[in-house]
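Visitor: For the sequence shown, the numbering used here assigns the number -13 to the initial residue and increments by one for each residue that follows. Where is the CB? At the ideal position from N, CA and C, for every residue including glycine. Submitted below is the structure of interest, expressed as structure tokens.
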Amino acid sequence: MIIRIFAFVAIVYVEYKILAYISQIFYSSVPINLLLLLILVILIFISYLKVFPDKNKYKNY
């Protein structure tokens, strides 16, 4: 479980660094930065679902 938390933090950090680099290219445009923030939130959510899958989905009924 601790390894999963570290992996999730590392994934989020890499995604943040990539999007921060892209936002430096488009330095002054606010809509692109808001769009990149939205993309970052979506990527964090997707990577959260990948690292911590829903346990109820895999239960044997």
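What whole-angstrom Cβ distance do Ile8 and Leu22 have, given they're in contact under 8 Å?
Guide: 6 Å
Visitor: Straight-line CA distance for Ile(-3) to Ala6?
Guide: Taking the straight line joining both Cα atoms gives about 14 Å.
Visitor: Kindly provide the ranges of any beta strand (DSSP E) runs that are 3 or more residues long and lie completely inside the region -5 to 33, ordered along the chain.
Guide: none
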